[in-house]
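This report refers to the structure that appears directly beneath it.
There are 4 protein chains.
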Amino acid sequence: MDIHSLQTRLRAFSAERGWEPYQNPKNLAMAMVVEAAELVEIFQWLSPEQAADIAADAARQQHVGEEIADVLVYLLQIADRCGIDLEAAVERKIGLNALKYPVPSSPQPAPTDSGVADAPSPEPRAD
Amino acid sequence: MDIHSLQTRLRAFSAERGWEPYQNPKNLAMAMVVEAAELVEIFQWLSPEQAADIAADAARQQHVGEEIADVLVYLLQIADRCGIDLEAAVERKIGLNALKYPVPSSPQPAPTDSGVADAPSPEPRAD
Amino acid sequence: MDIHSLQTRLRAFSAERGWEPYQNPKNLAMAMVVEAAELVEIFQWLSPEQAADIAADAARQQHVGEEIADVLVYLLQIADRCGIDLEAAVERKIGLNALKYPVPSSPQPAPTDSGVADAPSPEPRAD
Amino acid sequence: MDIHSLQTRLRAFSAERGWEPYQNPKNLAMAMVVEAAELVEIFQWLSPEQAADIAADAARQQHVGEEIADVLVYLLQIADRCGIDLEAAVERKIGLNALKYPVPSSPQPAPTDSGVADAPSPEPRAD
């Protein structure tokens, strides 16, 4: 994916429509979280098993693709407005996550359903 | 950005840590919106002008980059689990947006601050 | 719960701390969705069964209560700033929902796990 | 507002429609954040000044009331399913906030627009 080319096209798209005065990073972040929630909405009443099987339902799969794209388009625009190199930011973050969550020496315990207290927290928040 | 390579690396990262049982698309969508909100949080008390000037503050700019990366990493994983070609989905969505929001023949009215009722809605929701 | 009394106390709390210039409804809505996501975060890696059993884990139950309270405190402030009678708004919305989702004459089909396509959508979005 | 009476009515509403199997706290939290984002959406392209003036626009004010009510209805249901006393949780949280953010002895500096770095963070996150 050519990030810079996409950002240039999105900038032209906004300019042609007179949207630039509205697209500061604050407003774009709001629009981004709205799209993120629309992606959540698709899954809200599905069981984890139904969610895992979404590729079997072409219409729903396409819907998921559209909402992912909506979020990504806003992320590209926020990065562009903030002078952030998106690819470098992702590489940096993956590196930080590798430091933060070292590979366990022994296998992780299997998830249990014997109680909330036993539930492992595989990714205790990626701040 | 090499989407498929990133997705392959992220899949290995999860497998090594025993996270796969938790990373169904439903749970990943929840984790994604949590990161999306952390991006919103950076901007919540800033004025639009301060938000637009974020590149002048290196620490904050880096923070924005980290939160964007967190959201993007989850989007990549959701697309991967759902069998979605992310690049094709973005191209398709940009095409749909061009049909939905044609370039206006005359320039858009400048934004006014004369009242809420006068506020144009530049992007009346991208469903 | 005495809504008006709470709103008066929250207004005084903000005034004493000089927070009023920041607490316009736009910023408060951003802060509110950040807290909403922190509530989501508690449940993101839990199975539905673990989530349903949260009352068995006192620490987690208290955490849920704190995040619910954070969201509610922001809702109270948004309603206050926007001149909205929260209690009337809730009654109105429950009435609208009753019209929108009439009680089915025959029992709903039990949820199935035979595929995503079969999944009923119990609340097809409450716009 | 009679919290317990509302919760009892909402429980009956769900039972009559066969929604109970879907309404575990995990799914309800997802539905709640979706509604929270719909409230954000109203404000996303408005300036802070336009947002502050929302009471001057009756249609938009009513829309805000509906989205606030949607979020609150889900909060009531999450609290109900988790055995949480919502009123006590709010009182507890207000008390914690008073400890966390003591009243400053001298007046806070007025917000400046001289740069992002100068922006005070009035509520540095209410965890």
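Protein chains in written order, with numbering that gives the first Met the number 0: chain A, 0 to 126; chain B, 0 to 126; chain C, 0 to 126; chain D, 0 to 126. From the three backbone atoms N, C-alpha and C, an ideal C-beta is built for every residue, glycine too.
Measure the CB-CB distance between residue i and residue j and report whether it falls below 8 Å.
i	j	result
Ile83 of chain A	Gln60 of chain B	yes
Asn26 of chain C	Pro47 of chain D	yes
Val32 of chain B	Ala36 of chain C	yes
Would you say residue i reaches chain B, if we count a Cβ-Cβ gap shorter than 8 Å as a contact?
i	result
Met29 of chain A	yes
Asn96 of chain C	no
Glu48 of chain C	no
Val63 of chain D	no
So is residue i in contact with chain C if we call contact Cβ pairs under 8 Å?
i	result
Arg10 of chain D	no
Pro103 of chain A	no
Gln6 of chain D	no
Ala57 of chain D	no
Taking C-alpha atoms, which residue in the options lies nearest to residue i?
i	options	result
Gly64 of chain B	A:Gln76, A:Gly64, A:Glu65	A:Gln76
Pro103 of chain C	D:Ala68, D:Val32, D:Gln6, D:Arg16	D:Arg16
Ser4 of chain D	C:Val89, C:Ile41, C:Lys99	C:Val89
Asn23 of chain D	C:Tyr100, C:Leu71, C:Glu66, C:Ala51	C:Ala51
Ile41 of chain A	B:Trp18, B:Ala87, B:Cys81	B:Cys81
Lys99 of chain C	D:Lys99, D:Phe12, D:Asp56	D:Phe12
Met29 of chain D	A:Ala30, A:Met29, A:Glu34, A:Trp44	A:Trp44
Ala78 of chain D	C:Thr7, C:Ala54, C:Trp18	C:Ala54
Ile67 of chain B	A:Ala57, A:Asp56, A:Arg91	A:Arg91
Leu85 of chain D	C:Val72, C:Ala97, C:Ala57, C:Ala87	C:Val72
Val39 of chain B	B:Leu74, B:Ala97, B:His62, B:Ala58	B:His62
Arg10 of chain B	B:Glu34, B:Leu74, B:Pro101, B:Ala57	B:Leu74
Pro101 of chain C	D:Thr7, D:Trp18, D:Ala57	D:Trp18
In the DSSP assignment, find the unbroken alpha helix (DSSP H) run with residue i in it and report its ends.
i	result
Arg16 of chain B	Taken as a continuous stretch (DSSP letters only), Arg16 of chain B belongs to no alpha helix (DSSP H), as it is neither H nor E.
Gly133 of chain D	Examination of residue 133 of chain D is not possible in this model, given that chain D is present from 0 through 126 alone.
Met29 of chain C	24-42
Leu95 of chain D	85-99
Ala54 of chain A	Per DSSP, Ala54 of chain A belongs to no alpha helix (DSSP H) and is neither H nor E.
Taking all protein chains shown into account, do 16 or more other C-beta atoms lie within 10 angstroms of the C-beta of residue i, making it buried, or fewer, making it exposed?
i	result
Asp1 of chain B	exposed
Leu95 of chain C	exposed
Arg124 of chain C	Because the pLDDT at Arg124 of chain C is just 47, under 50, the model does not fix this residue reliably, and the point stays unresolved.
Val115 of chain C	Unreliable positioning characterises Val115 of chain C in this predicted model, as indicated by a pLDDT of 42, which lies under 50. A coordinate reading is not provided.
Chain D beta carbons: is any one of them nearer than 8 Å to that of residue i?
i	result
Asp69 of chain C	yes
Pro24 of chain B	no
Gln76 of chain A	no
Tyr73 of chain A	no
Glu40 of chain A	yes
Pro119 of chain A	Confidence at Pro119 of chain A is low in this model, with a pLDDT of 47, below 50, so the placement of that residue is unreliable and no value is reported for it.
Lys99 of chain C	no
Ala51 of chain A	no
Consider the Cβ of residue i: report whether some Cβ of chain A lies at a distance smaller than 8 Å.
i	result
Gln43 of chain D	yes
Ala14 of chain D	no
Val89 of chain C	no
Can you check whether the C-beta of residue i is within less than 8 Å of a C-beta belonging to chain F?
i	result
Ala36 of chain D	No chain F appears in this structure, whose protein chains are A, B, C and D.
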